[in-house]
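Chemist:
Protein chains: 2
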Amino acid sequence: MSAFPDFAAIEAMDATDPLRSMRARFVLPRGVIYLDGNSLGAASTAAFAELQSAATEEWGQELIRSWNTAGWFDMPLDLGDRVGRLIGAAAGQTVVCDTTSINIYKLLHAALALRPDRSVIVSEGGSFPTDIYMAEGVVATQADASLRLEGVDAPDIEELIDGDVAVVLVNHVNYKTGELRDMAKLTRKAHANGALVIWDLCHSAGALPVGLDGANVDFAVGCTYKYLNGGPGAPAFIYAAERHHGDIRQPLSGWWGHARPFAFEQRYAAGEGIRRFLCGTQPILSLRALKGALDIWDEVDMAALREKSLRLTDLFIALVEGKCAGHGLKLESPRDGARRGSQVSFSHPNAYEIMQALIARGVIGDFRAPSTMRFGFTPLYTSYADLWHAVDILEDILRHDTWREAHFGIRAAVT
Amino acid sequence: MSAFPDFAAIEAMDATDPLRSMRARFVLPRGVIYLDGNSLGAASTAAFAELQSAATEEWGQELIRSWNTAGWFDMPLDLGDRVGRLIGAAAGQTVVCDTTSINIYKLLHAALALRPDRSVIVSEGGSFPTDIYMAEGVVATQADASLRLEGVDAPDIEELIDGDVAVVLVNHVNYKTGELRDMAKLTRKAHANGALVIWDLCHSAGALPVGLDGANVDFAVGCTYKYLNGGPGAPAFIYAAERHHGDIRQPLSGWWGHARPFAFEQRYAAGEGIRRFLCGTQPILSLRALKGALDIWDEVDMAALREKSLRLTDLFIALVEGKCAGHGLKLESPRDGARRGSQVSFSHPNAYEIMQALIARGVIGDFRAPSTMRFGFTPLYTSYADLWHAVDILEDILRHDTWREAHFGIRAAVT
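Protein sequences appear in the order of chains A and B. Quick note on the numbering used here: the first sequence kicks off at 1 and runs consecutively. Quick note on the numbering used here: the second sequence kicks off at 1001 and runs consecutively.
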C-alpha cells in the first residue's frame, strides 16, 4: 500500500482549511458525497434567492419594466465582468450568453475573419466532442476551411501549427483525463506561427486560476454550470482580447449585438467591443441563478482555491492507490499536480458498473466510455473527509465485488 | 364619437367570457393594467411552482441525476410537442431551444442547403429587425447568397418571389402593426416558385390558432416569452415539416443534436428528425418555467382564444376611437379583424410621452419609434373591463395634456 494520511490527519486538514466556511453556502443533499461538480455544480442559497426574486418580483410584479429597472438588459456584460475576474480578464472583455457550442462557432468565424489568408482550424482529437462538431459546422459553411486534429493528423498539437493555421481551438483542462495544458506556451507557439488561439475553459473556469490577459490569449469560451455553480444549463461565456474588438465579425448577428438595439434599424450594425458577440434574447431566470452563484465567487481567493484543489486531488490519488491497491484501478490523470485540473480519473475494465455501484451508495462521480471513472473536486464545498469516506465506499465495493450486482442506472450526462 | 358599449355591457362580456377562469392562474401586479404581454407574458403560479421544484429539488437535491430522473434531457422535444399543438404541428416536428435569432440562422442555412441551385433569401423590410440581421449573417458566410427585402426591393413580398429564391423568411404577425399575413396563400406562392418558407411566429404563437401542417409550411420559429408566458428570455422554438427531416443540414452542429450524444464520438453525426436542430446545453431553469406556462396552455381551446382576442382588439379600437376622438390618434393596425393579430397600434406625434404617462398611471403598453403606441391583448388574463379602464386613463391623459410632464422612463425592450 502507498502511504496516505489517517483520518485524524484528514480531519486536521479540514479544520485548518481556509475555504472551510464556504461549504455552508451550498445546498448539498444528505447522504451524498458529490464528486461531480465538474459536470454540474451544486446549488447555493444565494442562487435560489436570486432566482426567487427574479421570478416573483421582477417577472411577476415588474414585468416588462424589469428590462431596465432590474438590469436584465445589462446582465450579460455585468456577469461577464464577474466571470472575467476569475479567468484573468480585465473588464469589458467577457460576456455571458448562449451556449459553449454556439460561442465556439462565433469565435471560430471571428478568428477566420481575422486571418483571411488562412483556412486551417487546429483542434484536439481528444477534445470534448462539441468543440470538434462546431468546427465541422464552420468548415461546412466555409468552402476553403479545413480541420486538423491532434491525435489524428499528428500526435502532438504543436506539430500541427504552421503558417496555414488561422486558429487553434484547444481545451485548457481535458474533460476526461483532467490534464491541464500550458496556456502561455501553446499561445506563444500559435502566435509565433501567426495563428490565433481559442481556449475552452469549461473545465478550468472556477477550478483553478486562469490568466487570459497575462498569457496574451486571443479568445476563450467556457461554461458556467460546472465549477462556477451557475445552475443546470446556465449560459456560457465568451472572452475576446480587447486588441481584437474593432475587427470582430461573427455571423450570429442578432439584435442584442446591434450598436443600437432599440432603434429597430433595418440593417445590422455591430455594437462596440465584446457586445458584438451577443445575439438573441437571453434566458433571464437562468442568468439570475448564475448571478447568485457569482456572488459567492466574489469572496474567493483563487490562489487558496488552487492550493486546496491540489491537496484534494493529491489526497484522492493517495487514498485510492493506498486503500484500493490490487483491484485493477489505473490512474488516467497526470500524477504531477502542476499538469492537472481539479479532477481525477481512474480507468477500470468495469468502470461503468463500479460507478453505478458508487452512485447507489451515494458517491456521485461519473463514467466516460469506455473505461473511465471521473471524480471532480470542487474546493468550495468538498471536504477532505468526503474523500476519505468516498474511498472507503469504493474500496468496499471493489473488495466485495458488489458492482457485479449494480443495476441502478445513471446515463452519463453533459461533459 | 364612434359607437362603443357602456360599462354595463362590458361587465356582461366579462361575466360570460369562457376564458374568464384563466386569469386566476396568473400573477398580476395590483394597480396595473398590463397590455404588454406581446412583449413579455405574465407569470403564473404554475411557472413558479415548476421553477421552485426544478431549483430546490432537481438541482439542489438530485443534482446531476436529474438529467435523467427529471427528464431534463428530453425537455426540448417534450416541450416542443406541447408548443406544436398550439401552432398546428403534429408531434415530432417542434423543438424548444436557443433563441429566435439563432434558430432563424439554423433554418436559413437548412433552407439554402435544400435549394443548392438557388441563393436568394427574401424577407421584409418591416420585419422585426433580428430576422434581417440574421439573414445578413448568413449572407456573410455564404459567398453567393443575397437578400431581397419587401419595402426596399419591391413594395409587395410576392413580387420578390421568383425562381432564384431559395427561401422566404416572413413574420406571421407584424411586431409593430399587428398585421396578420395569410400563411397558406404566401406559402403556396413560394412553393409555386420552388422556394421554401420560414414563418416567424413570435407574435402569433399563443395569440391565435396557427396551422403549420395544414398550410404545408416548411419551417417556423418563434419565441415563448410573449403570448406563451414562458418567462423572460425563455428559449425559443423551431418547427420543421417532417418531409424535410432526412435532408436537414445546419451548421450549429453541437453535441445535443448528435445521433449518439453520450457516445462522445469524435465526429459529428446528425441525430434523427427535429433533434438535429439542437446544439448546446439548454438553460434548464428557464425551460422549467416554460413547462409550467405550457401546463396552462394544455387547457386552452384555441378557437375560444381567437374569438376573445378579436373581441378585445375590436373593443379597444372602438373605445379609443370613441372616447379619444379629436386627440390625434391614428389606428396603425388593420381594422379588419381577420387581418389582425392580438395587438392594436395607434400612432401619435407624441406617442413616446403619452406612453410614458400611461405607464406612470399603471397602464403598460409600449412605444416603437418614431410614433407608435403598441397595446397587446392576451386573452388568458386580459379582461374587457381592463380595456375600459385603460382607455379612460388614456383619455384623461390626452384631455389634460398630462403627457407633457411625463418623465417616468421605460426604454422599449425586446420586440
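For each residue, glycine too, the CB sits at the ideal point set by N, CA and C.
Whole angstroms is fine: what's the gap from L1107 of chain B's alpha carbon to A293 of chain A's?
Modeler: As a first step, residue 1107 of chain B must be located in the second sequence, where it is residue number 107. As a first step, residue 293 of chain A must be located in the first sequence, where it is residue number 293. Their Cα atoms are separated by approximately 35 Å.
Chemist: With DSSP as the reference, label K1226 of chain B as helix, strand or coil.
Modeler: Sequence index remark: in the second sequence, residue 1226 of chain B carries index 226 (1-based). Of the three classes helix, strand and coil, the one that applies to K1226 of chain B here is coil, per DSSP.
Chemist: So, is G80 of chain A buried or exposed, given that buried needs 16 or more other C-beta atoms within 10 angstroms?
Modeler: As a working mapping, residue 80 of chain A is identified with position 80 in the first sequence. Buried, by the Cβ-count rule.
Chemist: Does any C-beta atom of chain C lie closer than 8 Å to the C-beta of I1364 of chain B?
Modeler: This model lacks chain C altogether, as its protein chains are A and B.
Chemist: Output the boundary residues of the alpha helix (DSSP H) element that contains D1014 of chain B.
Modeler: In the second sequence, the residue the question calls residue 1014 of chain B occupies position 14. Segment F1007 to A1015, the alpha helix (DSSP H) holding D1014 of chain B.
Chemist: So E150 of chain A is in the beta strand (DSSP E); what residue range does that whole segment cover?
Modeler: Working through the first sequence from its first residue, we reach residue 150 of chain A at position 150. S146 to E150 is the span of the beta strand (DSSP E), which, as asked, contains E150 of chain A.
Chemist: For the region 130-145 of chain A, list every residue whose C-beta sits within 8 Å of some C-beta in chain B, in sequence order.
Modeler: T130, I132, Y133, M134, E136, G137, V138, A140, T141, Q142 and A143
Chemist: Is any beta-carbon of chain A found at less than 8 Å from that of Q1061 of chain B?
Modeler: For this step, residue 1061 of chain B is matched to residue 61 along the second sequence. Residue-level contact check: Q1061 of chain B touches chain A, since one or more beta carbons of chain A fall below 8 Å from its beta carbon.
Chemist: If we cut at 8 Å on Cβ distances, does V167 of chain A have a partner in chain B?
Modeler: Here residue 167 of chain A corresponds to residue number 167 of the first sequence, with the count starting at 1. Not an interface residue.
Chemist: For C97 of chain A, which residues of its own chain have a beta-carbon under 6 Å away from its beta-carbon, when the five flanking residues on both sides are left out?
Modeler: Taking the first residue of the first sequence as 1, we reach residue 97 of chain A at position 97. Result list for C97 of chain A: P76, P235, L278 and Q282, in chain order.
Chemist: Taking only the alpha-carbon atoms, compute the straight-line gap between I1157 of chain B and E1124 of chain B and give it to the nearest angstrom.
Modeler: The sequence position of residue 1157 of chain B within the second sequence is 157, counting from 1. The sequence position of residue 1124 of chain B within the second sequence is 124, counting from 1. Roughly 7 Å between the two C-alpha positions.
Chemist: Using beta carbons (cut-off 8 Å, strictly below), is F1316 of chain B in contact with chain A?
Modeler: Position 316 of the second sequence holds residue 1316 of chain B. Cβ-Cβ to chain A under 8 Å: no for F1316 of chain B.
Chemist: Going by the CB atoms, is the gap between T1094 of chain B and I1238 of chain B shorter than 8 Å?
Modeler: As a working note, residue 1238 of chain B is residue 238 in the second sequence. As a working note, residue 1094 of chain B is residue 94 in the second sequence. Contact: yes.
Chemist: DSSP puts R1374 of chain B in a beta bridge; with which residues?
Modeler: As a position in the second sequence, residue 1374 of chain B is number 374, starting the count at 1. DSSP output for R1374 of chain B lists B:S1345 and B:D1366 as bridge partner(s).
Chemist: Take A91 of chain A and list the residues in its own chain whose beta-carbon comes closer than 7 Å to its own, dropping the five residues that flank it on each side.
Modeler: Along the first sequence, read from residue 1 onward, the residue named residue 91 of chain A stands at position 91. Non-local C-beta neighbours of A91 of chain A in its own chain, meaning closer than 7 Å and more than five positions away in sequence, comprise D81 and G84, ordered along the chain.
Chemist: Which partner residues does E1124 of chain B have in the DSSP bridge list?
Modeler: For the purposes of this step, residue 1124 of chain B is taken as the residue at position 124 of the second sequence. Looking at the DSSP assignment, E1124 of chain B forms a beta bridge with B:E1150.
Chemist: So, using beta-carbon positions, are L1169 of chain B and A1207 of chain B closer together than 8 Å?
Modeler: The residue labelled residue 1169 of chain B in the question sits at position 169 within the second sequence. The residue labelled residue 1207 of chain B in the question sits at position 207 within the second sequence. No; because the gap between Cβ atoms is not below 8 Å, this pair is not in contact.
Chemist: What residue range does the beta strand (DSSP E) around T94 of chain A cover?
Modeler: Translated into the one-based positions of the first sequence, residue 94 of chain A becomes position 94. From DSSP, the beta strand (DSSP E) with T94 of chain A extends over T94 to V96.
Chemist: Within 10 angstroms of its Cβ, does F1007 of chain B collect 16 or more other Cβ (buried), or is it exposed?
Modeler: As a working note, residue 1007 of chain B is residue 7 in the second sequence. Exposed is the label assigned to F1007 of chain B, since fewer than 16 other Cβ atoms lie within 10 Å of its Cβ.
Chemist: What does the alpha-carbon distance come out to for the pair F408 of chain A and I359 of chain A?
Modeler: Residue mapping note: residue 408 of chain A aligns to position 408 of the first sequence, counting from 1. Residue mapping note: residue 359 of chain A aligns to position 359 of the first sequence, counting from 1. Low confidence applies to F408 of chain A: its pLDDT is 48, below 50, so where it sits in the model is not reliable, and the reading given next is rough at best. The straight-line gap from Cα to Cα measures roughly 8 Å.
Chemist: Can you find a CB in chain B that lies within less than 8 Å of the CB of T281 of chain A?
Modeler: Residue numbering aside, residue 281 of chain A sits at position 281 when the first sequence is read from its first letter. For T281 of chain A, the answer is yes, since a Cβ of chain B falls inside 8 Å of its Cβ.
Chemist: Nearest by alpha-carbon distance to K1291 of chain B: which of B:W1072, B:E1011 and B:G1257 is it?
Modeler: The sequence position of residue 1291 of chain B within the second sequence is 291, counting from 1. When each option's Cα is compared against that of K1291 of chain B, the closest is B:W1072.
Chemist: Pairing CB atoms from the region 211-227 of chain A with CB atoms from the region 180-192 of chain A, are three or more of them under 8 Å?
Modeler: yes
Chemist: With a CB to CB cut of under 7 Å and the five nearest residues on each side skipped, what residues in its chain are close to T1415 of chain B?
Modeler: Here residue 1415 of chain B corresponds to residue number 415 of the second sequence, with the count starting at 1. Because T1415 of chain B sits at a pLDDT of 46, beneath the cut-off of 50, its placement in the model cannot be relied upon, and the point is left open.
Chemist: Enumerated in chain order, which unbroken segments of the beta strand (DSSP E) with a length of 3 residues or greater are wholly contained in the region 1192-1255 of chain B?
Modeler: Entirely contained in the region 1192-1255 of chain B, the beta strand (DSSP E) runs reaching 3 residues are, in chain order, 1196-1200, 1219-1222 and 1237-1240.
Chemist: So, at 6 Å on beta carbons, what are the nonlocal neighbours of L398 of chain A in its own chain, with the 5 sequence-adjacent residues on each side left out?
Modeler: The residue you call residue 398 of chain A lines up with position 398 of the first sequence. Excluding positions up to five away in sequence, the list reads C324 and H327.
Chemist: With C-beta atoms as the reference, is G1004 of chain B less than 8 Å away from A1220 of chain B?
Modeler: For the purposes of this step, residue 1004 of chain B is taken as the residue at position 4 of the second sequence. For the purposes of this step, residue 1220 of chain B is taken as the residue at position 220 of the second sequence. Per the sequence shown, the amino acid found at residue 1004 of chain B is Phe instead of Gly. 8 Å or more divides the Cβ of F1004 of chain B from the Cβ of A1220 of chain B.
Chemist: I need the boundaries of the beta strand (DSSP E) containing A166 of chain A, first residue and last residue.
Modeler: Here residue 166 of chain A refers to the residue found at position 166 of the first sequence. Element bounds for A166 of chain A: V165 to N171.
Chemist: Mind checking H1400 of chain B: buried by the 16 CB within 10 Å criterion, or exposed?
Modeler: Taking the second sequence and counting its residues from 1, one reaches residue 1400 of chain B at position 400. Exposed: under 16 other Cβ atoms inside 10 Å.
Chemist: Compute the Euclidean distance between the alpha carbons of I1132 of chain B and V120 of chain A, then round it to the nearest angstrom.
Modeler: As a first step, residue 1132 of chain B is located in the second sequence; it is residue number 132 there, counting from the start. As a first step, residue 120 of chain A is located in the first sequence; it is residue number 120 there, counting from the start. If you take the alpha carbons of I1132 of chain B and V120 of chain A, they lie about 30 Å apart.
Chemist: Give me the Cβ distance between S371 of chain A and S347 of chain A, rounded to the nearest whole Å; I'm assuming they're in contact under 8 Å.
Modeler: As a position in the first sequence, residue 371 of chain A is number 371, starting the count at 1. As a position in the first sequence, residue 347 of chain A is number 347, starting the count at 1. Correct: roughly 5 Å between the Cβ atoms.
Chemist: Which chain A residues sit within Cβ distance under 8 Å of P1251 of chain B?
Modeler: To locate residue 1251 of chain B, count along the second sequence from 1; it is residue 251. Residues of chain A passing the Cβ test: Y105, G137, V138, A140 and T141.
Chemist: Count the other CB atoms, across all protein chains shown, that sit within 10 Å of the CB of T130 of chain A; report buried if there are 16 or more and exposed otherwise.
Modeler: Sequence index remark: in the first sequence, residue 130 of chain A carries index 130 (1-based). Classified as buried, T130 of chain A has 16 or more neighbouring CB atoms from the shown chains inside 10 Å of its CB.
Chemist: Excluding sequence positions up to five away, which residues of its chain have a Cβ less than 6 Å from the Cβ of M13 of chain A?
Modeler: By one-based count along the first sequence, residue 13 of chain A stands at place 13. If we look at M13 of chain A and ignore the five residues flanking it on each side, its Cβ neighbours are Y384.
Chemist: My assumption, with CB atoms under 8 Å, is that P1029 of chain B sits in contact with A1304 of chain B. Please give the rounded CB distance.
Modeler: Taking the first residue of the second sequence as position 1, residue 1029 of chain B is located at position 29. Taking the first residue of the second sequence as position 1, residue 1304 of chain B is located at position 304. Rounded to whole angstroms, the Cβ separation of P1029 of chain B and A1304 of chain B is 26 Å, and the two are not in contact under 8 Å.
Chemist: Compute the Euclidean distance between the alpha carbons of A47 of chain A and M302 of chain A, then round it to the nearest angstrom.
Modeler: Against the first sequence, residue 47 of chain A aligns to sequence position 47. Against the first sequence, residue 302 of chain A aligns to sequence position 302. Near 20 Å, if we compare the C-alpha coordinates of M302 of chain A and A47 of chain A.
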